[in-house]
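Peer 1:
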Amino acid sequence: MPHRNFDIELQLLIDAIYLKYHYDFRGYAQASLKRRLTTAMSRFGCRTLSQLQDRVLHDPAVFQPLLDYLTVQVSDLFRDPAYFLALREKVVPLLRTYPSLRIWVAGCSTGEEVYSLAILLREEGLLERSLIYATDINAQALQMAQAGVYDIERLPGFTENHRRSGGRSSLSDYYSAAYGKAVFDKSLRKQIVFSDHSLATDSVFAEVQLVSCRNVLIYFNRELQDRALGLFREALCRKGFLGIGAKESLRFSSHAEAFADYALADRIYQKKDLP
Amino acid sequence: MSAPVLSRHIAAVAIGASAGGVEALSQLLTALPRGFPAAVFIVLHLSRERPSMLAELFQARCALPVREAADKEPIQAGTVYLAPPDYHLLVDAGPQLALSVDEPVQYSRPSIDVLFETAADEYGDRLLGIVLTGGNDDGARGLVAIRAAGGLGAVQDPATALVPAMPLAAQSAATPEYVLSLDGLAALLRSLASPVSASPAAERPR
């Protein structure tokens, strides 16, 4: 049913955002995008997407909150502890063999995944020789990631996840609590570079040994998934590792053959040593 | 309540269940015959900490293939897709399945409303939505969306549901075509497989 008003308006709005603000949502999975825009419509008091388009074109102040609706992903520290346990037990022993490490967290949103990895690397004695590239398209989310401040009510859940991920220390060693917030340790941040990068429009910027990109690809359509996976393939060194979300898969991608299952249950793949 | 009119083509059935849902779904899935002509999507609220063995559990009782939904999976008729724990299940253009980790909706992820609304958007009048037993009101808004898009609505008769709140909320919000016991819903589903032999006697008008 391609000719319904909402679908027409959606396409026009996405094009308008691209032309005006250079954010490219044309390759996003439609169903989630529609739901998020429907929520945004009521938040901005618009009855139609056309009205929302009018607002966002003529009032740049509306764009950032709209971008948050379209992109911000709330995660947890050590979300899916089994993933981090598999990294620790199966990937870290190989990472140890590199004199210096570069890791890319693609689509880091507000930073939960980045701090989880930094803490894991610190515990494994690898953080000081690591550089973590944390990228996202939402500059405001990146600022929050950089600040590393989370509501204190979330810490019991984070602590439990960290324990189940094979954590060797107490999570409380890495943050200080004040005024209802937990502030993560500056020394973790020294090894992290936060940077604006779009999987839809930008290219590869470094060679890395590990890409962690979880629950980002599910928001992309197959073409954009393929583009992102192509970037990861290009960025990864020979036999480098790729971690994706627990319910994501390379099965429907044209890059599937470039990766070997490494810890399949935990969605960790290894780039094949192809000529 | 009128007798079931299923002369129209139903391409998909979306089912939502919460408390008491495992038993209710077991009973409905048992009724689906081999060669069932529609895809079946299921959201069942579960504790997110527990690893889900539901696909195996239901597969043992169902003649159709039952599997956990995978992101970007093309939808096939005659297949039962379960929402994975802690992910929303959506129907996307194609039609294909999509997953998301968007915020819980009314404390639920997966959310029945999210499945129903996105399925309604894709299937329009070729969709049947069913709300089963449960203790909240998830599915009510979704069933309204299904009916607004021209689809059919059914709820488990609250008087026969283990926990009546959810079908009750859906019934009052969406005034669905069918309010039936599990036996009646099973007969309704079987009638999709062989529309001509649909038996109005299986209906229990209220």
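For the record, the sequence lines run as chains A and W.
Using the numbering used here, count along the first sequence one by one with no gaps and you end on 317.
Using the numbering used here, count along the second sequence one by one with no gaps and you end on 456.
Glycine included, every Cβ here is placed at the ideal spot set by N, Cα and C.
Treat the numbers as computed from the prediction; the structure is a model and nothing was measured.
If distances are taken between C-alpha atoms only, which option among A:I310, A:Y192, A:P198, A:E202 comes closest to A:C255?
Peer 2: Among A:I310, A:Y192, A:P198, A:E202, the Cα nearest to that of A:C255 belongs to A:I310.
Peer 1: Could you tell me which residues DSSP pairs with A:A224 in its beta bridges?
Peer 2: BP columns for A:A224 point to A:Y192, A:A219.
Peer 1: Flag A:I260 as yes if its beta-carbon sits less than 8 angstroms from any beta-carbon of chain W, otherwise no.
Peer 2: Chain W, which has a Cβ nearer than 8 angstroms to the Cβ of A:I260, makes this yes.
Peer 1: Which first and last residues belong to the alpha helix (DSSP H) in which A:Y63 is found?
Peer 2: 47–63 is the extent of the alpha helix (DSSP H) around A:Y63.
Peer 1: Starting from the C-beta of W:A451, find all residues in its chain whose C-beta is less than 8 angstroms away, skip the five residues before and the five after it, and write them out in chain order.
Peer 2: Per-residue confidence for W:A451 stands at a pLDDT of 44, beneath the threshold of 50, marking its modelled position as unreliable; no derived number is given.
Peer 1: CB W:V351 to CB A:N257, shorter than 8 angstroms?
Peer 2: Contact flag set, yes.
Peer 1: Name the DSSP beta bridge partners of A:Y70, please?
Peer 2: Per DSSP, A:F262.
Peer 1: So which residues of chain A does W:A320 contact, with C-beta pairs closer than 9 angstroms?
Peer 2: Simply K289, E290, S291, R293, F294.
Peer 1: What residues from the stretch 405–419 of chain W come within 8 angstroms of chain A, judged by C-beta to C-beta, listed N to C?
Peer 2: From the stretch 405–419 of chain W, no residue has a Cβ closer than 8 angstroms to chain A.
Peer 1: Excluding the 5 residues preceding and the 5 following A:L94 in the sequence, name in chain order all residues of the same chain whose CB lies nearer than 8 angstroms to its CB.
Peer 2: Contacts found: L55, L79, A82, M83, F86, C88, L108.
Peer 1: Examine the Cβ distances between the stretch 231–243 of chain A and the stretch 172–190 of chain A and report whether three or more of them are shorter than 8 angstroms.
Peer 2: Enough Cβ pairs lie closer than 8 angstroms, so yes.
Peer 1: Does the CB of A:Q182 have a neighbour CB from chain W at under 8 angstroms?
Peer 2: So, not an interface residue.
Peer 1: Count the other C-beta atoms from every protein chain shown that fall within 10 angstroms of the C-beta of A:L316, then say buried if there are 16 or more, exposed otherwise.
Peer 2: Counting Cβ neighbours within 10 Å, A:L316 comes out exposed, since fewer than 16 surround it.
Peer 1: Could you compute how far the alpha carbon of A:A242 sits from the alpha carbon of A:I59?
Peer 2: So the two alpha carbons sit approximately 14 angstroms from each other.
Peer 1: Would you please verify whether the beta carbon of W:A448 is less than 8 angstroms from any beta carbon of chain A?
Peer 2: For W:A448, the predicted structure reports a pLDDT of 43, less than 50, and the residue's modelled location is therefore unreliable. The matter cannot be settled from this model.
Peer 1: Do A:F126 and A:S151 have their C-beta atoms within less than 8 angstroms of each other?
Peer 2: Result no, Cβ atoms of A:F126 and A:S151 do not sit closer than 8 angstroms.
Peer 1: Since A:G153 and A:G190 are thought to touch, with beta carbons under 8 angstroms apart, how far apart are those beta carbons, to the nearest angstrom?
Peer 2: Right, the Cβ-Cβ distance comes to about 6 angstroms (below 8 angstroms), so this counts as a contact.
Peer 1: Have a look at W:G385 and W:L418 and give me their C-alpha separation to the nearest angstrom.
Peer 2: Computed Cα separation, rounded: 10 angstroms.
Peer 1: Within the 8 angstroms Cβ cut-off, does A:V116 reach chain W?
Peer 2: Yes, contact with chain W.
Peer 1: Under 7 angstroms between beta-carbons, which chain A residues line up against W:Y337? List them in chain order, please.
Peer 2: The answer, in chain order, is K289.
Peer 1: With C-beta atoms as the reference, is W:T368 less than 8 angstroms away from W:V405?
Peer 2: It is not a contact, given that the beta carbons lie outside the stated cut-off.
Peer 1: Output yes or no for whether 8 angstroms exceeds the beta carbon distance between W:T383 and W:S268.
Peer 2: Yes, the Cβ-Cβ distance between W:T383 and W:S268 is below 8 angstroms.
Peer 1: When burial is assigned at 16 or more other CB atoms within 10 Å of the CB, is W:E323 buried or exposed?
Peer 2: Result: buried.
Peer 1: Can you check the stretch 103–173 of chain A for any beta strand (DSSP E) of at least 3 residues that lies completely inside it and give the ranges in chain order?
Peer 2: Correct list: 143–148.
Peer 1: Pick from A:G149, A:A187, A:E166: whose alpha carbon is nearest that of A:L271?
Peer 2: Checking every option, the nearest Cα to that of A:L271 belongs to A:G149.
Peer 1: Quick check on the DSSP output: the alpha helix (DSSP H) that includes W:Y373 runs from which residue to which?
Peer 2: Here the alpha helix (DSSP H) through W:Y373 covers 362–373.
Peer 1: In whole angstroms, what separates the C-alpha of A:Q106 from that of W:L365?
Peer 2: If you take the alpha carbons of A:Q106 and W:L365, they lie about 28 angstroms apart.
Peer 1: How is W:D336 classed by DSSP in three states: helix, strand or coil?
Peer 2: If DSSP states are grouped into helix, strand and coil, W:D336 belongs with coil.
Peer 1: With respect to the beta strand (DSSP E) encompassing W:E318, which residues constitute its N-terminal and C-terminal limits?
Peer 2: Element bounds for W:E318: 316–318.
Peer 1: Against chain A, with Cβ distances strictly below 8 angstroms, would W:S302 count as a contact?
Peer 2: False, the Cβ-Cβ gap to chain A never drops below 8 angstroms.
Peer 1: Under the rule that 16 or more other beta-carbon atoms within 10 Å means buried, what is W:S312, buried or exposed?
Peer 2: In the sequence as displayed, the identity of residue 312 of chain W is Cys instead of Ser. It is buried - the Cβ of W:C312 has at least 16 other Cβ atoms within 10 Å.
Peer 1: Could you work out which residue in A:L143, A:P198, A:V253 is closest to A:L278 when comparing CA atoms only?
Peer 2: Nearest of A:L143, A:P198, A:V253 to A:L278, Cα basis: A:V253.
Peer 1: Which bits of chain W does A:S74 rub up against, with CB to CB less than 7 angstroms?
Peer 2: Ordered by position in chain W, the residues that pass the 7 angstroms Cβ test against A:S74 are L340, A348, S350, D352.
Peer 1: Using DSSP's beta-bridge definition, name the partner residues of A:T80.
Peer 2: Beta-bridge pairing links A:T80 to no other residue.
Peer 1: Using 8 angstroms as the limit for Cβ to Cβ distance, is A:N47 near chain W?
Peer 2: For A:N47, the answer is no, since every Cβ of chain W falls outside 8 angstroms of its Cβ.
Peer 1: Please report the distance separating the alpha-carbon of A:R275 from that of A:H297.
Peer 2: When rounded, the distance between both Cα atoms is 8 angstroms.
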